[in-house]
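Visitor: Which chain is which? The protein sequence lines are A and B, in order.
If you use the numbering used here, the first sequence closes out at 59, no skipped numbers anywhere.
If you use the numbering used here, the second sequence closes out at 1137, no skipped numbers anywhere.
C-beta atoms are modelled at their ideal positions from N, C-alpha and C, and glycine is treated no differently.
First the structure, which I've put down as structure tokens, then a few questions once you've had a look.
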Amino acid sequence: MLHPSHLAAVILFALFASVVFGITMRETPRRMIRYGAYCFVLFVGSAVLLSWVMFFIAR
Amino acid sequence: MTPTTNKPADGAAKQSSAGFVYLPLVAGWLIPGAGHFLLRKWVRGALLFVSIVSMFALGLAMQGKIYTGAHEVLDMLGVAGDLGGGLLYLISRALGLGADPVQTTVADYGTKFIVVAGLLNIIAAVDAHNLRTGRKS
């Protein structure tokens, strides 16, 4: 059984979802790459940010 | 006033009139990226295939659950998402994969990976259909 850490799971999820979003939501390769990178940063960034918010709420 | 011609639109119309229009949609649903392969979008198809199959396989490796029956509303949504995986879902069901109940947090992540892989596959198949009909270039 695979046991990735929470961060690793987030990064893997963001990577694969961003690739599909980039390819399907934009028309030119350059814009696909930019949009995919944008989605990846938003996925991972929002997960990290929300994690810190929950950390401070729990204290 | 002279009539104007729109070559890209004509080309798209010509392309959309030849063959079964829904073939990339159906193929893309059954096999991730196959719709793009049919349209000779090799790199896009390969990236979609690798991404969706990897996500599905990682979900199974994390001992994620594959929804089989719809007893509650959330289960129905899970089945709908899983069905988006096409042959991945059907083969996994046939092999009895993902049948164990979720007991760990990681297994719950795996369940979500499997559902989202199916949903992403639907998006990819619809994208192939849009390419086929000329709605997207």
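Let's see if you can read the secondary structure: which residues bound the alpha helix (DSSP H) around residue 49/A?
Guide: Residues 29–58.
Visitor: So what's residue 1020/B in DSSP terms, helix, strand or just coil?
Guide: Note: residue 1020/B maps to coil in three-state DSSP.
Visitor: Please confirm whether residue 1/A has its beta-carbon closer than 8 Å to some beta-carbon of chain B.
Guide: Closer than 8 Å: yes.
Visitor: In chain A, what lies closer than 9 Å to residue 1062/B by C-beta?
Guide: Simply 1, 2, 3, 4, 9.
Visitor: For residue 33/A, would you say it is in contact with chain B, using Cβ-to-Cβ distances shorter than 8 Å as the test?
Guide: It does not; no Cβ of chain B falls within 8 Å.
Visitor: Would you report the Cα separation of residue 1122/B and residue 1042/B, rounded to the nearest angstrom?
Guide: One C-alpha to the other measures close to 18 Å.
Visitor: For chain A, check one thing: does any of its Cβ atoms lie closer than 8 Å to the Cβ of residue 1065/B?
Guide: No, because no Cβ of chain A sits closer than 8 Å to the Cβ of residue 1065/B.
Visitor: Can at least three beta-carbon pairs, one atom from the stretch 1090–1099 of chain B and one from the stretch 1120–1135 of chain B, be found at a separation below 8 Å?
Guide: With the cut-off at 8 Å, the stretch 1090–1099 of chain B and the stretch 1120–1135 of chain B do not touch.
Visitor: What residues from chain D crowd round residue 1116/B, counting only those whose CB sits closer than 8 Å?
Guide: Although the question refers to chain D, the structure presented lacks it and instead comprises the protein chains A and B.
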